[in-house]
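**Q**
Chains as they are written, first to last, in this note's numbering: chain A, 56 to 233; chain B, 6 to 201.
And the structure:
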């Protein structure tokens, strides 16, 4: 099994990391995904950030709320399949009007080999919107920086709950090798 | 295990909080929220009315953000069962200022007293210990409560999980505010942050 990361000339995971750092994001809860691997590595290498490995994505929604209560900014990293796990926990965000920034790497939408990824991947945006989380989407490496910056601004300066979907076309479809 | 009479949940919570100073208390939905309210409303109380399974992780996020502030998460056995993964996540982070008190009566009191998994099989203190929580204890007698009260109001060596056996009696409901926006703003302002 291997994964091709189409970062191209633009190192967009580094760009995301720089934006999170510039917004003083401290807690970074995550369920690992290949598309987030480089970003997770950078976060583990930064003593000013606090990576929090989760057992399931909904933990990250609750953690983000607790961090905000304590005056700290967070960014939740997950894969599209994890979004479905979060749906009821997102009531916490809505009922208490917590800000949220989550960055989601997409599976099941572009050249997907594994059909089990498609049901959730094709409904990820709707799952967020069902719970009134605002969705922004980055299709290309060039779009990532502006999109994440816009989302961080909405979350941390506007108090909005925002998800950024990083498209599978951007990340590259996982290649399964026998 | 002793055969002492199980404790009264309201008396337990009142005892744990009677000498609170800067403690922040988060309660899981249902009886734990009513118990926390019955012990006296406080701007450092954050009552959950939903988000089942998330109480411990809210406590973790807060404990990481405010490492010198003692944080208590008060929950029932049903809440703990729904969010068992949190024990493993907390054990990765090892906050010294986070205590979890599980009021364990082995039943889902809010929904008609159906038996929970702790009634005949699951030992939540053992689950927490197996996940890596360094300090776990099962409390079945009133005499131990003074020491637990002291512990939750202080910072320890690491996170702690206390399972307190309570009786299954249904208590009169004590309903705190359900306004999540107000509860969030109140706690944030209390800690010195802007309301949003």
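A virtual CB, placed ideally from N, CA and C, is assigned to each residue, including glycine. As the structure is a prediction and not an experimental result, all values here were calculated from the model.
Establish whether the CB of residue 151 (chain A) and some CB of chain B are separated by less than 8 Å.
**A** Counting from one through the first chain, the residue named residue 151 (chain A) turns up at place 96. Chain B, which has a Cβ nearer than 8 Å to the Cβ of residue 151 (chain A), makes this yes.
**Q** Using only the alpha-carbon positions, how far apart do residue 184 (chain B) and residue 105 (chain B) sit?
**A** Residue 184 (chain B) sits at position 179 when you count from the first residue of the second chain. Residue 105 (chain B) sits at position 100 when you count from the first residue of the second chain. Whole-angstrom Cα-Cα distance: 24 Å.
**Q** Would a check of beta-carbon distances place residue 189 (chain B) closer than 8 Å to chain A?
**A** Counted from its first residue, the second chain places residue 189 (chain B) at position 184. Judged by the 8 Å Cβ criterion, residue 189 (chain B) is in contact with chain A.
**Q** So for residue 203 (chain A), helix, strand or coil by DSSP?
**A** For the purposes of this step, residue 203 (chain A) is identified with residue 148 of the first chain, where counting begins at 1. It is helical.
**Q** So residue 171 (chain B) and residue 20 (chain B) are supposed to be a Cβ contact under 8 Å. How far apart are they, rounded?
**A** Counting from 1 along the second chain, the entry for residue 171 (chain B) is found at position 166. Counting from 1 along the second chain, the entry for residue 20 (chain B) is found at position 15. With 8 Å as the limit, residue 171 (chain B) and residue 20 (chain B) do not qualify as a contact, their Cβ atoms being about 12 Å apart.
**Q** Only counting the same chain, and skipping five residues up and downstream in sequence, which positions put a Cβ closer than 6 Å to that of residue 150 (chain B)?
**A** Counting from 1 along the second chain, the entry for residue 150 (chain B) is found at position 145. These residues qualify, in order along the chain: 20.
**Q** If you count every other CB in all the chains shown that lies within 10 Å of the CB of residue 99 (chain B), and 16 or more means buried, which is it?
**A** Translated into positions along the second chain, residue 99 (chain B) becomes position 94. Under this definition residue 99 (chain B) is an exposed residue.
**Q** State whether the stretch 84 to 100 of chain A contacts the stretch 43 to 56 of chain B, with contact taken as three or more CB pairs (one from each stretch) at a distance under 8 Å.
**A** The stretch 84 to 100 of chain A vs the stretch 43 to 56 of chain B: no contact.
**Q** Roughly how many angstroms lie between the CA atoms of residue 162 (chain B) and residue 102 (chain A), to the nearest whole one?
**A** Walking along the second chain from the start, residue 162 (chain B) turns up at place 157. Walking along the first chain from the start, residue 102 (chain A) turns up at place 47. The alpha-carbon atoms of residue 162 (chain B) and residue 102 (chain A) are separated by roughly 21 Å.
**Q** Can you pull the chain A neighbours of residue 22 (chain B), defined as C-beta to C-beta under 7 Å?
**A** By one-based count along the second chain, residue 22 (chain B) stands at place 17. Residues of chain A passing the Cβ test: none, with the nearest at roughly 19 Å.
**Q** Among residues of its own chain, excluding the 5 on either side of residue 123 (chain B), which ones have a beta-carbon nearer than 7 Å to its beta-carbon?
**A** Here residue 123 (chain B) corresponds to residue number 118 of the second chain, with the count starting at 1. Closer than 7 Å at Cβ, skipping near neighbours: 82, 109, 111, 129.
**Q** Which residues in the same chain as residue 222 (chain A) place their Cβ atom closer than 6 Å to its Cβ, once the five residues preceding and following it in sequence are excluded?
**A** In the first chain, counting from the first residue as 1, residue 222 (chain A) sits at position 167. These residues qualify, in order along the chain: 161, 194.
**Q** If you measure from the beta carbon of residue 10 (chain B) to each beta carbon in chain A, is any gap under 8 Å?
**A** Your numbering for residue 10 (chain B) matches position 5 in the second chain. So, not an interface residue.
**Q** Between residue 105 (chain B) and chain A, is any beta-carbon pair separated by less than 8 Å?
**A** Here residue 105 (chain B) refers to the residue found at position 100 when the second chain is read from its first residue. Residue 105 (chain B) does not count as touching chain A.
**Q** Where does residue 72 (chain A) fall in DSSP's three states?
**A** Counted from its first residue, the first chain places residue 72 (chain A) at position 17. Residue 72 (chain A): helix per DSSP, three-state reduction.
**Q** Chain B beta carbons: is any one of them nearer than 8 Å to that of residue 144 (chain A)?
**A** Translated into the one-based positions of the first chain, residue 144 (chain A) becomes position 89. Chain B, which has a Cβ nearer than 8 Å to the Cβ of residue 144 (chain A), makes this yes.
**Q** For residue 180 (chain B), count neighbouring Cβ atoms within 10 angstroms of its own Cβ and tell me buried if that reaches 16, exposed if not.
**A** Here residue 180 (chain B) is taken as the residue at index 175 of the second chain, counted from 1. Exposed, since its Cβ has fewer than 16 Cβ neighbours within 10 Å.
**Q** Leaving out five residues before and five after residue 57 (chain A) in sequence, what residues of the same chain have Cβ atoms less than 7 Å from its Cβ?
**A** As a first step, residue 57 (chain A) is located in the first chain; it is residue number 2 there, counting from the start. Residue confidence is low: residue 57 (chain A) scores 47 on pLDDT, short of 50, so the model does not pin down where it sits. No coordinate-derived value is stated.
**Q** Would you kindly check if the distance between the Cβ of residue 173 (chain B) and the Cβ of residue 118 (chain B) is under 8 Å?
**A** The residue you call residue 118 (chain B) lines up with position 113 of the second chain. The residue you call residue 173 (chain B) lines up with position 168 of the second chain. Yes.
**Q** Compute the Euclidean distance between the alpha carbons of residue 153 (chain A) and residue 159 (chain B), then round it to the nearest angstrom.
**A** Position 98 of the first chain, counting from 1, holds the residue named residue 153 (chain A). Position 154 of the second chain, counting from 1, holds the residue named residue 159 (chain B). Residue 153 (chain A) and residue 159 (chain B): Cα-Cα distance of roughly 28 Å.
**Q** Please check the pair residue 49 (chain B) and residue 29 (chain B), which I expect to be a contact at CB under 8 Å, by giving their CB distance rounded to whole angstroms.
**A** Numbered from 1 along the second chain, position 44 holds the residue referred to as residue 49 (chain B). Numbered from 1 along the second chain, position 24 holds the residue referred to as residue 29 (chain B). Indeed, because the Cβ distance is near 5 Å, the residues count as touching under 8 Å.
**Q** By alpha-carbon positions, which one of B:35, B:91, B:196, B:38 ends up nearest to residue 59 (chain B)?
**A** Position 54 of the second chain holds residue 59 (chain B). Measuring from the Cα of residue 59 (chain B), the nearest candidate turns out to be B:91.
**Q** Along the chain, where does the alpha helix (DSSP H) that runs through residue 186 (chain B) open and close?
**A** On the second chain, position 181 is the one that residue 186 (chain B) refers to. From DSSP, the alpha helix (DSSP H) with residue 186 (chain B) extends over 185 to 195.
**Q** On the CB-based measure, 16 or more other CB atoms within 10 Å of its CB, does residue 169 (chain A) come out buried or exposed?
**A** Start at 1 with the first residue of the first chain, and residue 169 (chain A) comes out as number 114. Classification for residue 169 (chain A): exposed.
**Q** With respect to the beta strand (DSSP E) encompassing residue 85 (chain A), which residues constitute its N-terminal and C-terminal limits?
**A** Walking along the first chain from the start, residue 85 (chain A) turns up at place 30. Residue 85 (chain A) -> beta strand (DSSP E) spans 80 to 85.
**Q** On the three-state DSSP scale, how would you describe residue 183 (chain A)?
**A** The residue labelled residue 183 (chain A) in the question sits at position 128 within the first chain. DSSP places residue 183 (chain A) in helix when its eight states are reduced to three.
**Q** Taking all protein chains shown into account, decide if residue 178 (chain B) is buried (16 or more other Cβ within 10 angstroms of its Cβ) or exposed.
**A** Taking the second chain and counting its residues from 1, one reaches residue 178 (chain B) at position 173. Flag for residue 178 (chain B) reads exposed.
**Q** If you draw a straight line from the alpha carbon of residue 196 (chain B) to that of residue 182 (chain B), how long is it in whole angstroms?
**A** The residue you call residue 196 (chain B) lines up with position 191 of the second chain. The residue you call residue 182 (chain B) lines up with position 177 of the second chain. The alpha-carbon atoms of residue 196 (chain B) and residue 182 (chain B) are separated by roughly 19 Å.
**Q** Can you give the Cα-Cα distance for residue 61 (chain B) and residue 72 (chain A), rounded to whole angstroms?
**A** Here residue 61 (chain B) is taken as the residue at index 56 of the second chain, counted from 1. Here residue 72 (chain A) is taken as the residue at index 17 of the first chain, counted from 1. Going from the Cα of residue 61 (chain B) to the Cα of residue 72 (chain A) covers about 28 Å.
**Q** Please report the straight-line C-alpha distance between residue 154 (chain B) and residue 77 (chain B), rounded to a whole angstrom.
**A** For the purposes of this step, residue 154 (chain B) is identified with residue 149 of the second chain, where counting begins at 1. For the purposes of this step, residue 77 (chain B) is identified with residue 72 of the second chain, where counting begins at 1. If you take the alpha carbons of residue 154 (chain B) and residue 77 (chain B), they lie about 10 Å apart.
**Q** May I have a chain-ordered list of the alpha helix (DSSP H) segments no shorter than 4 residues that lie completely inside the stretch 105 to 188 of chain B?
**A** Qualifying alpha helix (DSSP H) stretches, in chain order: 129 to 136, 150 to 157.
**Q** By Cβ distance below 6 Å, which residues in the same chain neighbour residue 143 (chain B) in space, the five residues on each side in sequence not counted?
**A** For the purposes of this step, residue 143 (chain B) is taken as residue 138 along the second chain, with counting starting at 1. Same-chain partners within the cutoff: 130, 168.
**Q** Using C-beta distances below 6 Å, list every residue in its chain close to residue 139 (chain B), excluding the 5 sequence neighbours before and after it, in chain order.
**A** As a first step, residue 139 (chain B) is located in the second chain; it is residue number 134 there, counting from the start. These residues qualify, in order along the chain: 163.
**Q** Nearest CA to the CA of residue 78 (chain A): which residue from A:147, A:205, A:218, A:113?
**A** One-based indexing of the first chain puts residue 78 (chain A) at position 23. The shortest C-alpha separation from residue 78 (chain A) is found at A:205.
**Q** What is the C-beta distance between residue 133 (chain A) and residue 186 (chain A), in whole angstroms, given that I count them as a contact (C-beta under 8 Å)?
**A** For the purposes of this step, residue 133 (chain A) is taken as residue 78 along the first chain, with counting starting at 1. For the purposes of this step, residue 186 (chain A) is taken as residue 131 along the first chain, with counting starting at 1. 15 Å between Cβ atoms; not a contact.
**Q** Determine whether the Cβ of residue 105 (chain A) lies closer than 8 Å to any Cβ atom of chain B.
**A** Here residue 105 (chain A) refers to the residue found at position 50 of the first chain. Cβ-Cβ to chain B under 8 Å: yes for residue 105 (chain A).
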